[in-house]
C-alpha cells in the first residue's frame, strides 16, 4: 500500500493573547483566490478603458460654459478666452487647461472649476480691479487694487484713474505685483478707498504714501491727509462731510485723527 502523501498547503500562524497557543490557518484561507485577482484586474482595466473612451468621445463634449464671480465685462472676456474648449470632452478639461486659457487675462484668476456632467463646465473666477495709473517719468502702467501690474500703457491720458508717481524704483513686469513700497502701498490704499466709498474714489486724482502716512489729492487740488491707513471708512466719511460743507475747496483736510479734523 503506497504511503499517504503529506499535505503540501502552507499554513500561517496567527498570534493570540498571552497564554494561548498560536492558531495555524492555511494561507489559502487568507490570500485572495486566483479568480478574485482576475476579476479585480478586469475591473481596473474596464475603468481605464472607460476613462480613455470618455476622453475621446463626444458623449461628454462641452456644450455649455458657466462662468461666475466677476462683473459682466470680465465674464465676457473669460468666456471668449475659454471658447476653444467648446466641443472637447469634459473629462479632458481640467484646471491646468483652463489656467492656460486664462494666461492672456492677467487681471483674472481661476477660483474653482467643476464638471457638471454630461456637458457643462462650471467656472468661478476672480478679477482684480484697476485702481491707478502708475507713473515713472514718461512711462505709465495700469495697476490693480492688489498692486498687480496689468500692462504698460502707451497713452495714459485715456485713463481717468488716480495717478501714483514713483521716482527711481523698478517696476514689476506685466502680471507681477509691485515690490517697491512707494508704488505698492498707494495702490493697496486706493483699492480700500474704492471698496469703502466708490464715489469718493472718483474724486481722487493722486495717491501718495510716505513712511506709512497716506495722502490723497482730489481733482480740486485739495489734499486729504489720512495719516495711517486705519479706520479708513470713518476718515473718508469725515473728509466727505467737511468738503461738502466748504466752498471754495480748502487747501487740505487732515483726518489723521478722525475725531479732530483740521482744515485749512
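In our numbering, the protein residues as written are 15 to 278. Quick reminder that beta carbons are idealized off the backbone N, C-alpha and C, glycines included. If you're wondering where the values come from, they're calculated on a predicted model, not measured in any experiment.
Residue i classed as buried or exposed, judged by whether at least 16 other C-beta atoms fall within 10 angstroms
{"i": "residue 269", "result": "buried"}
{"i": "residue 144", "result": "buried"}
{"i": "residue 57", "result": "exposed"}
{"i": "residue 185", "result": "buried"}
{"i": "residue 258", "result": "exposed"}
{"i": "residue 142", "result": "buried"}
{"i": "residue 90", "result": "exposed"}
{"i": "residue 193", "result": "exposed"}
{"i": "residue 217", "result": "buried"}
{"i": "residue 94", "result": "exposed"}
{"i": "residue 233", "result": "exposed"}
{"i": "residue 88", "result": "buried"}
{"i": "residue 172", "result": "exposed"}
Cβ of residue i within 7 Å of any chain D Cβ
{"i": "residue 264", "result": "Reference to chain D is not applicable here, since this structure consists of a single protein chain."}
Same chain, Cβ closer than 6 Å to residue i, neighbours up to 5 away in sequence not counted
{"i": "residue 238", "result": "230, 253, 267"}
{"i": "residue 129", "result": "104"}
{"i": "residue 199", "result": "223"}
{"i": "residue 96", "result": "79, 115"}
{"i": "residue 241", "result": "227, 270"}
{"i": "residue 205", "result": "145, 159"}
{"i": "residue 154", "result": "147, 167, 170"}
{"i": "residue 100", "result": "76"}
Assigned secondary structure, residue i (DSSP; H/G/I helix, E/B strand, else coil)
{"i": "residue 175", "result": "coil"}
{"i": "residue 63", "result": "Low per-residue confidence applies at residue 63: pLDDT is 49, beneath 50, and the placement is therefore not dependable, though the value from the model is reported in the following sentence. It is helical."}
{"i": "residue 258", "result": "helix"}
{"i": "residue 249", "result": "helix"}
{"i": "residue 210", "result": "helix"}
{"i": "residue 49", "result": "helix"}
{"i": "residue 201", "result": "helix"}
{"i": "residue 264", "result": "coil"}
{"i": "residue 165", "result": "strand"}
{"i": "residue 220", "result": "strand"}
{"i": "residue 142", "result": "coil"}
{"i": "residue 237", "result": "strand"}
{"i": "residue 69", "result": "Bear in mind that a pLDDT of 48 at residue 69, under 50, signals an unreliable position, so the model cannot answer this."}
Heavy atom of the ligand ATP within 6 Å of residue i beta-carbon
{"i": "residue 236", "result": "Annotation note on the ligand ATP: not contained in the displayed structure, which lists no ligands."}
Own chain, CB closer than 7 Å to residue i, minus 5 neighbours either side, in chain order
{"i": "residue 67", "result": "A caution first: residue 67 carries a pLDDT of 49, below 50, which makes its placement in the model unreliable, though a value can still be read off. Excluding positions up to five away in sequence, the list is empty."}
{"i": "residue 272", "result": "245, 248, 249, 252"}
{"i": "residue 134", "result": "78, 80"}
Contacting residues, own chain, Cβ-Cβ under 8 Å from residue i (five flanking each side not counted)
{"i": "residue 190", "result": "162, 163"}
{"i": "residue 92", "result": "81, 84, 116, 119, 122, 137, 139"}
{"i": "residue 195", "result": "223"}
{"i": "residue 63", "result": "Low per-residue confidence applies at residue 63: pLDDT is 49, beneath 50, and the placement is therefore not dependable, though the value from the model is reported in the following sentence. So the list is empty, once near-sequence residues are dropped."}
{"i": "residue 236", "result": "257, 263, 264, 265, 266, 267"}
{"i": "residue 313", "result": "Nothing about residue 313 can be reported from this structure: the residues present for the chain run from 15 to 278 only."}
{"i": "residue 98", "result": "115"}
{"i": "residue 157", "result": "144, 145, 146, 147, 148, 163, 164, 178, 192, 197, 201"}
Would you be able to state if there are at least three C-beta pairs under 8 Å between the segment 104-117 and the segment 162-169? no
If we count Cβ pairs, one from each stretch, closer than 8 Å, do we get three or more for the segment 148-160 versus the segment 170-180? yes
Ranges of the alpha helix (DSSP H) found wholly within the segment 77-136, counting only runs of at least 4: 86-96, 109-116
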